[in-house]
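Worksheet for the structure shown next.
Protein chains: 2
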Amino acid sequence: MKNIKSKKAVCVMSGGMDSTLSAYIKKSEGYEIIAVHFNYDQRTQKKELECFHKICNKLDVKEKYILDLDFFKQLGASALTDKSIQVPTSGLEDGVPVTYVPFRNGIFLSMAAAIAEKEGAGVISIGVVEEDSSGYPDCRFDYIKSMQESINLGTKDETNITIDMPLVKLKKSQIVQKALELNVPLELTWSCYQDEDKACGVCDSCRLRLRGFELAGVNDPIPYK
Amino acid sequence: MKNIKSKKAVCVMSGGMDSTLSAYIKKSEGYEIIAVHFNYDQRTQKKELECFHKICNKLDVKEKYILDLDFFKQLGASALTDKSIQVPTSGLEDGVPVTYVPFRNGIFLSMAAAIAEKEGAGVISIGVVEEDSSGYPDCRFDYIKSMQESINLGTKDETNITIDMPLVKLKKSQIVQKALELNVPLELTWSCYQDEDKACGVCDSCRLRLRGFELAGVNDPIPYK
């Protein structure tokens, strides 16, 4: 019998609900979790990192990589990394919002690929959501599939990596339900774009999360303003 | 008539011969150059950065991005970033050498893509060489083509980026000849993997460079030990 303990998954984990659930799914499938978190001078850097550590403790991860990326601050061009650009709070609109960070998941996945190649992990897990989402282009199914191909072409021939994106086609309410089924500690997750003690409830990310809980018919355990 | 001054190319420039020539090619085609350099705790970080600045002065670049990446030191796994792994000096061998840095060009191109999207540049230039090379998987034509597709799928719909890799199918001797034609300041470029005042002449990178000059029938202007 194959020793499933040797299966390793590199899980990109922000501390939010979606990436946490994605990591829990890999854990439930018998993978050892290598957790990767990015500090990129995002507004919620401190809060996200705290959540990441607490979630990793619950999840019993094998290894943690905490990567400091000055790059996005240097680049700016997003409300999440440039404090002179306000986070929108009046509801989702069509088009790519100002919270979009240029090719963020491309950079995250490239680093995750380097880690996976070094660690001999066959899977990268990412919590992208295409439907009930902010409309970020780097969260689309077609992009992630293409990136998987690029990663396999650009690494050693013996390196074979699958990018797992179990939530990409789910609605937020399905994500909430699935998280409850797997006993994901939703109370430890943080989705809000603002850097405050309580979630704001009105940024795009809060709106999507709250609507997911509402449609799932359950209460969100985190405090809101 | 189209104003060619508005064409911008993001040029990934290490300070080496290949990426310098690639940038000079874009300049000769009328592009404004946005030069991108990575400090990633490689053995030759200081030397490469000096060369990069000198080359940028000659090339009259529009803008410079110097990006500090702690990541590769944290990752290790390469003779270029882990000083406990020796740089091979006994000649090129088959297979991927220990100087390979996992998915380095994937990470570099992803960041270059974010810069290109922000700056409205339609081209990224990279000096990869497939034939006369160390055999790094992230320098292959097929990989770069795939990465171009991934970048266009993972950025805004109005962002359209071509990755230019003018040297990918050239021999090193052709690179030397082309560099001489375009008056590339080869005396300012650094290719050696070792961190010394003079190039070692025996690492894979020096061997490839020296053989290129030899076959082109010209002297390499940089000092060797």
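Those protein sequences? They're chains A and B, same order as listed.
If you count the first sequence from 1, position 177 lands on 177 in the working numbering, and the numbers rise without skipping.
If you count the second sequence from 1, position 155 lands on 380 in the working numbering, and the numbers rise without skipping.
All C-beta atoms, glycine included, are put in the ideal place defined by N, C-alpha and C.
Since the model is a prediction, treat every value here as computed from it, not as a measurement.
- C-alpha of residue 16 of chain A to C-alpha of residue 359 of chain B: approximately 41 Å in a straight line.
- Per DSSP, the continuous beta strand (DSSP E) segment holding residue 11 of chain A begins and ends at 8-12.
- Under the Cβ criterion of 8 Å, residue 330 of chain B is counted among the residues facing chain A.
- Its chain contains 117 as the residues whose beta carbon lies nearer than 6 Å to that of residue 155 of chain A, once the 5 sequence neighbours on both sides are disregarded; these appear in chain order.
- Pairwise C-beta distances place the segment 55-75 of chain A out of contact with the segment 197-207 of chain A, as fewer than three of them are shorter than 8 Å.
- Among the residues facing chain A, residue 429 of chain B is not included, as its CB has no counterpart in that chain under 8 Å away.
- Along the length of the segment 283-340 of chain B, whole alpha helix (DSSP H) runs at least 4 residues long occupy 296-300, reported in chain order.
- When C-beta distances to chain A are compared with 9 Å, every residue of the segment 234-258 of chain B stays at or above that value.
- Setting aside the 5 residues that flank it on each side, residue 334 of chain B is surrounded in the same chain by 372, each with a C-beta closer than 6 Å to its C-beta; the list follows chain order.
- At a cut-off of 8 Å between beta carbons, residue 130 of chain A makes no contact with chain B.
- Under the DSSP assignment, residue 181 of chain A falls in the alpha helix (DSSP H) whose first and last residues are 172-181.
- For the segment 311-327 of chain B, the set of residues with a beta-carbon nearer than 7 Å to any beta-carbon of chain A comprises 321 and 327, in chain order.
- Closest in C-alpha terms to residue 348 of chain B, from the list B:447, B:450 and B:251, comes B:251.
- Contact annotation, residue 178 of chain A with residue 132 of chain A: C-beta distance approximately 13 Å; criterion of less than 8 Å not satisfied.
- When Cβ pairs closer than 8 Å are counted between the two stretches, the segment 407-423 of chain B is seen to touch the segment 437-450 of chain B, the count reaching three or more.
- Between residue 353 of chain B and residue 374 of chain B, the alpha-carbon positions lie close to 17 Å from each other.
- A check of alpha carbon separations from residue 394 of chain B across B:262, B:315, B:355 and B:301 identifies B:355 as the nearest.
- In the structure shown, residue 389 of chain B falls within a strand segment according to DSSP collapsed to helix, strand and coil.
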